[in-house]
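Engineer:
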Amino acid sequence: MSNQNAKARGVGPIGSGGDVREPPTPTDRFDDTMFDVSAVEQGAWVPGPYGPDDERGTFNEVTPEKTARALALLNHDEPVVTYSLAETMVEGFPAWGNRTYEQHLVVTGYSPSDDFGGILTRTQPRGRGRMSAHEERISLTYNMGTKINGLHHVGVGDMFYNGFLGPDIARTWGTTHLGAETMGPIVTRGVLVDVVGSMVARGRSEAYEIAPTGRPLLRSNYRITVEDMETAMAWEGVESPIGPGDVVLLRTGWRELIEADPQRYVADGPPGPFLRECRYLADRRPALVGSDSWCFECVDPELTKGCLMPCHQELSIRFGIRIAEGVPTNDLADDGVYEFVFCFSPLPARGAISSNTPPLALGQPTTHA
5 MSNQNAKARG
15 VGPIGSGGDV
25 REPPTPTDRF
35 DDTMFDVSAV
45 EQGAWVPGPY
55 GPDDERGTFN
65 EVTPEKTARA
75 LALLNHDEPV
85 VTYSLAETMV
95 EGFPAWGNRT
105 YEQHLVVTGY
115 SPSDDFGGIL
125 TRTQPRGRGR
135 MSAHEERISL
145 TYNMGTKING
155 LHHVGVGDMF
165 YNGFLGPDIA
175 RTWGTTHLGA
185 ETMGPIVTRG
195 VLVDVVGSMV
205 ARGRSEAYEI
215 APTGRPLLRS
225 NYRITVEDME
235 TAMAWEGVES
245 PIGPGDVVLL
255 RTGWRELIEA
265 DPQRYVADGP
275 PGPFLRECRY
285 LADRRPALVG
295 SDSWCFECVD
305 PELTKGCLMP
315 CHQELSIRFG
325 IRIAEGVPTN
335 DLADDGVYEF
345 VFCFSPLPAR
355 GAISSNTPPL
365 ALGQPTTHA
């Protein structure tokens, strides 16, 4: 079954890329009921929300008009700060499973020290100007560190976003559809939901602990509820609700363990939302949802009951919403920047599953009341 002839009994188109829409569904309409796996494999979520041939999902919501409204968030009479939203990659960066980052220095034109373990191409400089040089050789699993996952990162059996089937699109070098080259760049409104900051401010000590770095983090397997997110946004003073094409980043503090306790960073279940919360977010049609941990969703076995990352499945396959992970937001939180301009231009690697291109934010520091 190809994308074109996959069984069509899904939700149909749900938007045109603007911010004008029906009011969000009341939060009591969302729950943790597991989706019907068999029905999804048979095409229950096909076609996707943006038509039978779509490969971009909710990135379609970031129209030129949406970008213009995002840029209008900035007061052009005041300084604008550029914030990096990427973790620093180092050898041995902690990651789930067998994902690795290896970096080796290449030296040309001189003799390095005796303990040098990189790659030496020649000891003599080149040419009359005695040119020497440094390069690097990197082995990287795209899906680690700061990354944005494609809509084909997670499936249900053979079924991926918009009816694309694994056996039809998988090739030795990547996939023939839904690859990183289909994302395209986006500039849009970003919203930081500082859950851990809100917990600290409200004295919710049962929800967080202090990392060896001296900064707070939510406790292992803490479930971030809809109420936690709405309370955090109210505490931040963010009045405009999450809307189509927005980027929503959750701050959990889990990144504090990357260097302080890298084993725990990947061994313990990180804090995150579950199905009710992801459906609440999906109803608002964000371009992207993400967090500062290695896994966006809560993986507490008491919640998942044998399912592996059902939020990834539903967000990607049903709603066409990409997930970002490992996105550090401490600098934004420290400056009280809860709304900002989010900028992302992925490396268009054909057939790639994820992109490690670092996003950035443009914002203006404020003082939190």
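When you read off a place in the sequence shown, starting at 1, and then add 4, the result is the number in my numbering. Glycine included, each C-beta is placed from N, C-alpha and C at the ideal position.
(1) How would you label S297, buried or exposed, when you count the other beta carbons within 10 angstroms and need 16 or more for buried?
(2) Sort D36, W49 and T37 by Cα distance to G324 and report the nearest one.
(3) Go ahead and label S320 buried or exposed: buried means 16 or more other beta carbons lie within 10 angstroms of its beta carbon, across all protein chains shown.
(4) With 16 as the cutoff for other CB atoms within 10 Å, does P305 come out buried or exposed?
(5) Alpha carbons only, please: which of T361, V293 and R126 is nearest the one belonging to H138?
(6) So for R132, helix, strand or coil by DSSP?
(7) So, using beta-carbon positions, are L196 and L336 closer together than 8 Å?
(8) Considering only the alpha carbon of each residue, which of R134, T192 and I214 lies closest to T72?
(9) Leaving out five residues on either side along the sequence, give the residues of the same chain with a beta carbon under 8 Å from the beta carbon of E45.
(10) Given that a residue counts as buried once 16 or more other Cβ atoms are within 10 Å of its Cβ, and exposed if not, what is W2?
(11) At the level of alpha carbons, what is the spacing between P98 and I262?
(12) What are the boundary residues of the alpha helix (DSSP H) that includes P248?
(13) Let's see if you can read the secondary structure: which residues bound the alpha helix (DSSP H) around P220?
(14) So E65 packs on R326, CB below 8 Å; how close in whole Å?
(15) Counting C-beta neighbours from all protein chains within 10 Å, is the total for V24 16 or more, i.e. buried, or is it exposed?
(16) Beta-carbon separation of V200 and M233 under 8 Å?
(17) What residue ranges within the segment 314-355 form continuous beta strand (DSSP E) runs of no fewer than 3 residues, ordered along the chain?
(18) In the segment 142-222, which residue ranges form an unbroken beta strand (DSSP E) of at least 3 residues, counting only runs that do not cross its ends?
(19) Looking only at its own chain, which residues have a Cβ that is under 6 Å from the Cβ of A10, when we skip the five neighbours before and after it?
(20) Work out the CA separation of V41 and Y54 for me, nearest whole Å.
(21) Ordered along the chain, which non-local residues of its own chain (more than five positions away) have a Cβ less than 7 Å from that of G260?
(22) Could you give the distance in angstroms between the alpha-carbon of E240 and the alpha-carbon of V204?
(23) Here's a check: name, in chain order, each residue in its chain whose Cβ is nearer than 8 Å to the Cβ of T150, leaving out the five neighbours to either side.
(24) In the DSSP assignment, find the unbroken alpha helix (DSSP H) run with A286 in it and report its ends.
(25) State the Cα-Cα distance for the pair G14 and P56, rounded to the nearest angstrom.
(26) CA-CA distance, S143 and M93?
(27) In angstroms, rounded to a whole number, what distance separates the CA positions of F278 and F300?
(28) If V230 sits next to T31, beta carbons under 8 Å apart, how far is it from one beta carbon to the other, in whole angstroms?
(29) What does the alpha-carbon distance come out to for the pair E243 and M313?
(30) Got a sec? Which residues, its chain only, sit under 6 Å from A236 by beta carbon, not counting five neighbours each side?
Structural biologist: Reading off the structure:
(1) Residue numbering aside, residue 297 sits at position 293 when the sequence shown is read from its first letter. Buried.
(2) By one-based count along the sequence shown, residue 324 stands at place 320. Of D36, W49 and T37, the residue nearest in Cα terms is W49.
(3) Walking along the sequence shown from the start, residue 320 turns up at place 316. Answer is buried; the Cβ neighbour count reaches 16.
(4) Position 301 of the sequence shown holds residue 305. Classification for P305: exposed.
(5) By 1-based counting over the sequence shown, the position of residue 138 is 134. Relative to H138, the option among T361, V293 and R126 whose CA is nearest is R126.
(6) Numbered from its first residue, the sequence shown carries residue 132 at position 128. Note: R132 maps to coil in three-state DSSP.
(7) Walking along the sequence shown from the start, residue 196 turns up at place 192. Walking along the sequence shown from the start, residue 336 turns up at place 332. Yes, the pair counts as a contact, with Cβ atoms nearer than the cut-off.
(8) Position 68 of the sequence shown, counting from 1, holds the residue named residue 72. As written in the sequence, residue 72 is Ala, which differs from the Thr given in the question. Considering only alpha carbons, the answer is T192.
(9) Working through the sequence shown from its first residue, we reach residue 45 at position 41. Beyond the five residues adjoining it in sequence on each side, E45 comes within less than 8 Å, by CB distance, of V160, G161, D162 and M163 in the same chain, given in chain order.
(10) Nothing about residue 2 can be read from this structure; the chain reaches only from 5 to 373.
(11) Walking along the sequence shown from the start, residue 98 turns up at place 94. Walking along the sequence shown from the start, residue 262 turns up at place 258. Whole-angstrom Cα-Cα distance: 7 Å.
(12) Here residue 248 corresponds to residue number 244 of the sequence shown, with the count starting at 1. No residue range can be given for P248, since it is assigned to no alpha helix (DSSP H) and is classified by DSSP as neither H nor E.
(13) Position 216 of the sequence shown holds residue 220. Where P220 is concerned, there is no enclosing alpha helix (DSSP H), although the beta strand (DSSP E) it sits in stretches over P220 to L222.
(14) Indexing the sequence shown from 1 puts residue 65 at position 61. Indexing the sequence shown from 1 puts residue 326 at position 322. That belief does not hold up - the Cβ atoms of E65 and R326 are roughly 12 Å apart, past 8 Å.
(15) Numbered from 1 along the sequence shown, position 20 holds the residue referred to as residue 24. Low local confidence applies: a pLDDT of 45 at V24 is under 50, so the model's placement there is unreliable, and no value is given.
(16) Counting from one through the sequence shown, the residue named residue 200 turns up at place 196. Counting from one through the sequence shown, the residue named residue 233 turns up at place 229. Going by C-beta atoms, V200 is not nearer than 8 Å to M233.
(17) Runs found: 326-329 and 343-348.
(18) With a minimum length of 3 residues, the unbroken runs of beta strand (DSSP E) contained wholly in the segment 142-222 fall at 151-153, 190-198, 212-214 and 220-222.
(19) Position 6 of the sequence shown, counting from 1, holds the residue named residue 10. Residue placement at A10 is flagged as unreliable, the pLDDT there being 38, under the threshold of 50; the coordinate-derived value follows with that caveat. Excluding five sequence positions before and after A10, the CB atoms of its chain that fall closer than 6 Å to its own CB belong to G47, V50 and G167, given in chain order.
(20) Looking up residue 54 in the sequence shown gives position 50. Looking up residue 41 in the sequence shown gives position 37. If you take the alpha carbons of Y54 and V41, they lie about 22 Å apart.
(21) Looking up residue 260 in the sequence shown gives position 256. The question names Gly, but residue 260 is Glu in the sequence shown. Cβ neighbours of E260 beyond the five flanking positions: A215, T217, R219 and L221.
(22) Your numbering for residue 240 matches position 236 in the sequence shown. Your numbering for residue 204 matches position 200 in the sequence shown. Roughly 13 Å separates the two Cα atoms.
(23) In the sequence shown, counting from the first residue as 1, residue 150 sits at position 146. Sequence-distant partners of T150 (beyond 5 residues in either direction) whose C-beta falls short of 8 Å from its own C-beta, in its chain, are L89, A90, E91, A328, E329, G330, V331, P332, N360, P362 and P363.
(24) The residue given as residue 286 occupies position 282 in the sequence shown. L279 to A286 is the extent of the alpha helix (DSSP H) around A286.
(25) Taking the sequence shown and counting its residues from 1, the one referred to as residue 14 is at position 10. Taking the sequence shown and counting its residues from 1, the one referred to as residue 56 is at position 52. The predicted position of G14 is uncertain, since its pLDDT is 34 and thus under 50; no value can be drawn from it.
(26) The residue labelled residue 143 in the question sits at position 139 within the sequence shown. The residue labelled residue 93 in the question sits at position 89 within the sequence shown. Those two C-alpha atoms are separated by around 12 Å.
(27) Mapped onto the sequence shown, residue 278 falls at position 274. Mapped onto the sequence shown, residue 300 falls at position 296. F278 and F300 have their alpha carbons spaced roughly 9 Å apart.
(28) Locating residue 230 in the sequence shown gives position 226, where the first residue counts as 1. Locating residue 31 in the sequence shown gives position 27, where the first residue counts as 1. About 5 Å separates the two Cβ atoms, so the contact holds.
(29) The residue given as residue 243 occupies position 239 in the sequence shown. The residue given as residue 313 occupies position 309 in the sequence shown. E243 and M313: Cα-Cα distance of roughly 31 Å.
(30) Mapped onto the sequence shown, residue 236 falls at position 232. In chain order, V197, D198, V199 and S202 place their CB closer than 6 Å to the CB of A236, counting only its own chain and leaving out the 5 sequence neighbours on each side.
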